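K.L.:
Number of protein chains: 2
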Amino acid sequence: MTESIKHELAAASAHEVRRRARSGELRGPTPGMALGYVQANLVIVPSELAFDFLLFCHRNPKPCPLLDVTEPGSPEPAMVAAGADLRTDLPQYRVYLEGKLADEPHNLHDWWRADLVSFLLGCSFTFESALLKEGIPVRHVELGCNVPMYRTNRMCQKAGHFAGPLVVSMRPMTPDQAERAVKICSDFPRAHGAPVHSGDPAALGIRDISQPDFGDRVEIRPGEIPVFWACGVTPQAVALEAKLPFLITHKPGHMFLTDLRDAELMGER
Amino acid sequence: MTESIKHELAAASAHEVRRRARSGELRGPTPGMALGYVQANLVIVPSELAFDFLLFCHRNPKPCPLLDVTEPGSPEPAMVAAGADLRTDLPQYRVYLEGKLADEPHNLHDWWRADLVSFLLGCSFTFESALLKEGIPVRHVELGCNVPMYRTNRMCQKAGHFAGPLVVSMRPMTPDQAERAVKICSDFPRAHGAPVHSGDPAALGIRDISQPDFGDRVEIRPGEIPVFWACGVTPQAVALEAKLPFLITHKPGHMFLTDLRDAELMGER
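Those protein sequence lines, which keep their order, are chains A and B.
Note that the numbering used here has the first sequence beginning at 1, numbered continuously upward.
Note that the numbering used here has the second sequence beginning at 1001, numbered continuously upward.
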């Protein structure tokens, strides 16, 4: 994907981004596209595992904020993007068989089955956009790299086949910025909400902050503390850990664009 | 049940009320018992319908605020009352076969199966208690009768087998009290949250406010307006409407006492 397409799609609608992915024109990552629209993580499991996975998400709302769940076999997330097709409308997917990466296709024509249930989960782009609007810098956005993510020693509430540790993402900021970030992000319970921890990484069982388990390392500057959010990689890590016979996710960074606006993810209160 | 047992149990713990129900000593309704503890609606469905029902609750959080969902076959709601047993710890149940009432037992020893999934849902007692604390009178509590409930013309978001209209409960109050009630109840998204409507019943498709579909009629006095909340009878009505081969609920008013305190149902923000 050229920079010009990325720039062109910044002001596009979610519908337009989905159309470009569907046509095969858009095959790259989606950060910065259709600004103001909610981007979502995708997890697809066979229907016999769907109850357990839905229950896992319900029990762990901070890492797994559910935006929509499809009826078995339906590729249409009717609550957040009527008319969209989850088999084609993301730029790239990952297909896992028995817990092993088997394919990274640009559509699911070769993999779709009538028993699949799709889960769309809120993602950090929503609250990062709110932080940036309030003048709080986000290091990995500035650097143009991936957010650093860490496995923690906090176990999620298990549900059936699904169990495992909470994964967190980290953004360095000053203590003052961290305090403001808590307020800002509390408004977005459906996009991971307030940070789960600020300060000493050891409190989460993280031994070496310079070695993230996923994503890229970013610098913590003098006067800054690491601030940790529940991360949408958690349900994917847990689903992979369960070594499901069949599992599909988006390729990291290649998200689904919903028709929801960022403000719609704010809580009821 | 004598009034003296009811009075004795007002200050009891949730655990104690469950123990009395389990022993068979408590067979009557639970309002006014274990004050400060969250009471919950119960719906039990076979596991092959559990995904659809969980999805229905997720899509309709105002009438169906999920407090806990059990693993298939487990009678223990581990998240809200570790060690409790849903087969015995409610005073009375209703068992439906093919949508028809088949039994009203005091325990489920004759009906339990290894494929059952139990759902506990928040109930209006929680926000009524908050209203009363703030000096807002609740008519049906004053009268010692059941809250009036109405089928509306608002359809729930359907999920698989489960579809049907929103059922609302009604409490008459002055416009000023109604405004305060919105603020107070907004704090309890896991107990139906803010009212869905105040004023003209016709806006909800209710033709005759003096003829509730469930519960008892209460007087609306001069200067008062009817205030409507999403009601926990909704998922039961929808489950009944679906004519499931097998369905168990609590008998109305005979609720499950959780170990949660009312304040724990307040939202995150």
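Glycine included, every Cβ here is placed at the ideal spot set by N, Cα and C.
Keep in mind it's a predicted model, so treat the numbers as computed, not measured.
#1: Among Ala239(A), Leu265(A), His140(A) and Asp52(A), which has the Cα closest to the Cα of Leu101(A)?
#2: Starting from Pro1272(B) and walking both ways along the beta strand (DSSP E), at which residues does that stretch end?
#3: Count the other C-beta atoms from every protein chain shown that fall within 10 angstroms of the C-beta of Gly1164(B), then say buried if there are 16 or more, exposed otherwise.
#4: Any chance the segment 1107-1121 of chain B sits against the segment 1041-1059 of chain B, with 3 or more Cβ pairs inside 8 Å?
#5: For the segment 43-70 of chain A, list every residue whose C-beta sits within 8 Å of some C-beta in chain B, in sequence order.
#6: Short of 8 Å Cβ to Cβ, which residues in the segment 1155-1183 of chain B face chain A?
#7: Please report the distance separating the alpha-carbon of Asp187(A) from that of Ala194(A).
#8: Out of Leu90(A), Cys231(A), Gly215(A) and Ser210(A), which one is the CA nearest neighbour of Arg221(A)?
#9: Could you check where the beta strand (DSSP E) with Phe1188(B) kicks off and where it finishes?
#10: Decide yes or no for the touch test of the segment 1086-1098 of chain B against the segment 1235-1255 of chain B: beta carbon pairs closer than 8 Å, at least 3 of them.
#11: For Asp85(A) versus Pro75(A), is the C-beta spacing smaller than 7 Å?
#12: Can at least three beta-carbon pairs, one atom from the segment 1172-1180 of chain B and one from the segment 1149-1161 of chain B, be found at a separation below 8 Å?
#13: Could you tell me which chain B residues have their CB closer than 8 Å to the CB of Met79(A), listed as they occur along the chain?
#14: Excluding five sequence neighbours on each side, which residues of the same chain lie with their C-beta closer than 6 Å to the C-beta of Ala50(A)?
#15: Using a Cβ distance threshold of 8 Å, determine whether the segment 1053-1063 of chain B contacts the segment 1248-1260 of chain B, with at least three qualifying pairs required.
#16: Which residues bound the beta strand (DSSP E) around Thr258(A)?
#17: For Val1038(B), name the three-state secondary structure that DSSP assigns.
#18: Roughly how many angstroms separate the alpha carbons of Arg19(A) and Ala1178(B), rounded to a whole number?
#19: I need the DSSP call for Asp1068(B), collapsed to helix, strand or coil.
#20: Quick one: Cα of Ala1282(B) to Cα of His1058(B), how far?
#21: Contact defined as beta carbons within less than 8 Å: I believe His1192(B) pairs with Phe1127(B). What is the distance between those atoms, to the nearest angstrom?
#22: Leaving out the 5 sequence neighbours to the left and right, which residues in its chain are closer than 7 Å to Gly215(A) when beta-carbon positions are compared?
#23: For Ile1005(B), which of helix, strand or coil comes out of DSSP?
#24: If Gly1160(B) and Glu71(A) are in contact, beta carbons under 8 Å, what's the gap, nearest whole angstrom?
#25: Do the CB positions of Tyr37(A) and Leu257(A) come within less than 7 Å of each other?
#26: Can you name, in chain order, every residue of its own chain whose Cβ lies under 8 Å from the Cβ of Ile184(A), other than the five neighbours on each side?
#27: Using CA coordinates, which residue listed in Pro1091(B), Ala1114(B) and Asp1115(B) is at the minimum distance from Pro1105(B)?
#28: Note down, in chain order, each residue of its chain lying with its Cβ closer than 8 Å to the Cβ of Gln236(A), except the 5 sequence neighbours on either side.
#29: In angstroms, rounded to a whole number, what distance separates the CA positions of Asn107(A) and Met1170(B)?
#30: Using the Cβ count rule (16 or more neighbours within 10 Å means buried), how would you classify Phe1262(B)?
#31: Quickly, what does DSSP pair Thr249(A) with across the bridge? List them, please.
#32: Alpha carbon to alpha carbon, what distance is there between Val1227(B) and Pro1063(B)?
#33: Could you name the residues of the same chain whose beta carbon sits closer than 8 Å to that of Gly1223(B), not counting the 5 residues immediately before and after it, in chain order?
#34: Is Ala1010(B) buried or exposed, if buried means 16 or more other CB atoms sit within 10 Å of its CB?
#35: Using CA coordinates, which residue listed in Ile1005(B), Thr1234(B), Pro1029(B) and Asp1259(B) is at the minimum distance from Val1167(B)?
P.N.:
Inspection of the coordinates gives the following:
#1: Ala239(A)
#2: The shown model of chain B, from 1001 to 1269, leaves out residue 1272(B), and the question about it has no answer.
#3: Counting Cβ neighbours within 10 Å, Gly1164(B) comes out buried, since at least 16 surround it.
#4: yes
#5: Ser47, Ala50, Phe51, Leu54, Leu55, His58, Arg59, Leu66 and Val69
#6: Residues of the segment 1155-1183 of chain B with a C-beta atom less than 8 Å from some C-beta of chain A are Gln1157, Ala1159 and Gly1160, listed in chain order.
#7: 8 Å
#8: Ser210(A)
#9: Looking at the DSSP string, Phe1188(B) is not in any beta strand (DSSP E), and its letter there is neither H nor E.
#10: yes
#11: yes
#12: Short answer: they don't touch.
#13: Those are Arg1059 and Gln1157, listed as they occur along chain B.
#14: Val117
#15: no
#16: Thr258(A) -> beta strand (DSSP E) spans Phe256 to Arg261.
#17: strand
#18: Cα to Cα, Arg19(A) sits roughly 46 Å from Ala1178(B).
#19: strand
#20: As shown, chain B starts at 1001 and ends at 1269. That puts residue 1282(B) outside it, with no answer to give.
#21: 6 Å
#22: Asn146, Val147, Pro148 and Met149
#23: helix
#24: 6 Å
#25: With contacts defined by Cβ atoms closer than 7 Å, Tyr37(A) and Leu257(A) form a contacting pair.
#26: Phe127, Ala130, Leu131, Glu134 and Ile136
#27: The shortest C-alpha separation from Pro1105(B) is found at Pro1091(B).
#28: Asn41, Val43 and Thr249
#29: 50 Å
#30: Contrary to the premise, residue 1262(B) reads as Asp rather than Phe in this sequence. So Asp1262(B) counts as buried.
#31: Val43(A) and Arg94(A)
#32: 15 Å
#33: Thr1174
#34: So Ala1010(B) counts as exposed.
#35: Thr1234(B)
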